[in-house]
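Below is one structure; the comments refer to it alone.
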Amino acid sequence: MPTAGRLAAALAFFIYGWYIALQATPFFPEGNLPGYAVPLSIGVSILVGWMVVGSRAGRGYIAAIGNGLTGAAAYTLWMVFLISFYDMIRKSLRRLYDGPMDAIVDVFALMVDLGQDFYDINLIINVVVGGIICALISEYFAKRYP
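Numbering-wise, our numbering puts 202 at position 20 of the sequence shown, and it's gapless, one number per residue.
Structure below.
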């Protein structure tokens, strides 16, 4: 059911996803942002805003902080998983795996490697604070326009 809180969360997370994708540019190999990174980040962030944060909007500003942290964690996990999955598909098309189980297990190894590559305190602060701000915006509109 569309609500003002969900719409506000989706729009706020749209900007959030774009901003975080641009902030993560130096952490990609050779400092180049892949062509799929910005659209993927925006798409994931809109879905997280609509389904995770927007669905919980309207419960108060203290709960909105928790919703923002949950949204930031969901965004981060989905992005790391999808980028790792994409890398696994590219490797499997070059026949670098012995079988499908090796490919599936390697997704999680790639996730760990990618998490280590993107480990930076400034990026983590941007992700967490941005998620909280987006959730507070969603909460404001959910309270103002029920």
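Glycine residues also receive a C-beta, built at the ideal position from the N, C-alpha and C atoms.
Under a 10 Å Cβ-count criterion, A206 is classified as buried, with 16 or more other Cβ atoms of the shown protein chains found around its own Cβ. With a threshold of 16 other beta carbon atoms within 10 Å, N249 meets it and is buried.
Looking from the CA of S266, the closest CA among S227, G225, D288, A256 belongs to D288. Annotation for Y201: G312 place their beta carbon closer than 7 angstroms to its own, counting only its chain and skipping 5 residues before and after. A residue is called buried once 16 or more other Cβ atoms fall within 10 Å of its Cβ, and M293 is buried on that count. Excluding the 5 residues flanking it on each side, D302 has same chain C-beta neighbours closer than 8 angstroms at F209, in chain order.
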